[in-house]
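Numbering (our numbering), first residue to last: 954 to 1244. Quick reminder that beta carbons are idealized off the backbone N, C-alpha and C, glycines included. Computed from a predicted structure; not experimentally measured. This report refers to the structure that appears directly beneath it.
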Ligand SMILES: C[S@@+](CC[C@H](N)C(=O)[O-])C[C@H]1O[C@@H](n2cnc3c(N)ncnc32)[C@H](O)[C@@H]1O
């Protein structure tokens, strides 16, 4: 099979299931990952013959894509905040909205560092998954001490590998945050993207998310969707330093409830922020007293 024939084959196999823009980006990833080629090669080298063992591998990839398995799990990696991350069925695939939260934290942390009072900063990421938040923070805030917690040992193993891959030191802890009554120390910044999708929102979600991503990373019970936020707010009251900051990624439908929750725990400077899709997606608050 030649390169141009491979391209046509991929389009004809996937066009019932994926829009053409998505097939284009899947094709780009397949060419790069399995053949070391770029899309432009289809134009410049259409008659390039693809070895049969590569065709067999790509046929398997197409088969998996037809079951709606995300391409990131098939190739085993993705990019977040410009850094490479291994991903597998034990960790959520990092989302672009979370990059915006990380960017917000980095800018706030640099402001604190600029004042020269708190150095090095101490940061905790709760529900770290692939480690995308904690590792990206450590890459950008090099003198900060960064720790990260997850309930899943397999997620922590993946995050540890990702820290090695990105050459940063992050302290990883396997721990159930809901069963935690106190944290190991106090922090200047606590950040979390906890599970926040209600069971009732399942029908809005795609098969690739529902069938392949870890349910424990995503869903909370309809009757108590803020369970993680309440617990983390409680712990933060005890374990954030004076003037410490709390950052959350949140359910777009629960912005007002989140403001109320943080207010009820006595946090100040509560700021709700929209993501690039204009959805209420992140919130921050400050602890102005020891409580
Ligand atoms: C929405 S994912 C976020 C993953 C990653 N931080 C990101 O932004 O892509 C939530 C994470 O919380 C973890 N988690 C779920 N329940 C937990 C618990 N009780 N204690 C600690 N971590 C928990 C899951 O394993 C999952 O990795």
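Query: Cα-Cα separation between residue 997 and residue 1043, rounded to whole angstroms; Result: 40 Å
Query: Extent of the continuous beta strand (DSSP E) run through residue 1127; Result: 1124-1127
Query: Rounded C-alpha distance that separates residue 1239 from residue 1223; Result: 7 Å
Query: Cβ neighbour criterion (16 or more within 10 Å) applied to residue 1220; Result: buried
Query: Heavy atom of ligand 1 within 6 Å of residue 1129 beta-carbon; Result: yes
Query: Nearest-angstrom Cβ-Cβ length linking residue 1152 and residue 1174, presumed shorter than 8 Å; Result: 7 Å
Query: Per DSSP, cross-strand counterpart(s) of residue 1038; Result: 1031
Query: Local Cβ density within 10 Å of residue 1081, reported as buried at 16 or more and exposed below that; Result: buried
Query: Residue closest to residue 936, alpha-carbon to alpha-carbon, out of 1083, 994, 999; Result: What the structure shows of the chain is the stretch from 954 to 1244, and residue 936 is not part of that stretch, so it cannot be assessed.
Query: Of the listed residues 1129, 961, 1088, nearest to residue 999 (C-alpha basis); Result: 961
Query: Residue 1192 - DSSP class collapsed to helix/strand/coil; Result: helix
Query: CA-to-CA distance, residue 1211 to residue 1186, given in whole angstroms; Result: 10 Å
Query: Three-state secondary structure assigned by DSSP to residue 977; Result: helix
Query: Residues sharing a beta bridge with residue 1200, DSSP; Result: 1144, 1237
Query: Same chain, Cβ closer than 8 Å to residue 1227, neighbours up to 5 away in sequence not counted; Result: 1233, 1234
Query: Stretch pair the segment 1159-1171 + the segment 1197-1208: three plus CB contacts closer than 8 Å; Result: no
Query: Burial state of residue 1132, where buried means 16 or more other Cβ atoms lie within 10 Å; Result: exposed
Query: Contact set for residue 1032: own chain, Cβ-Cβ below 8 Å, skip 5 residues either direction; Result: 1038
Query: Residues sharing a beta bridge with residue 1002, DSSP; Result: 955
Query: Check: residue 1030 C-beta below 6 Å from any heavy atom of ligand 1; Result: no
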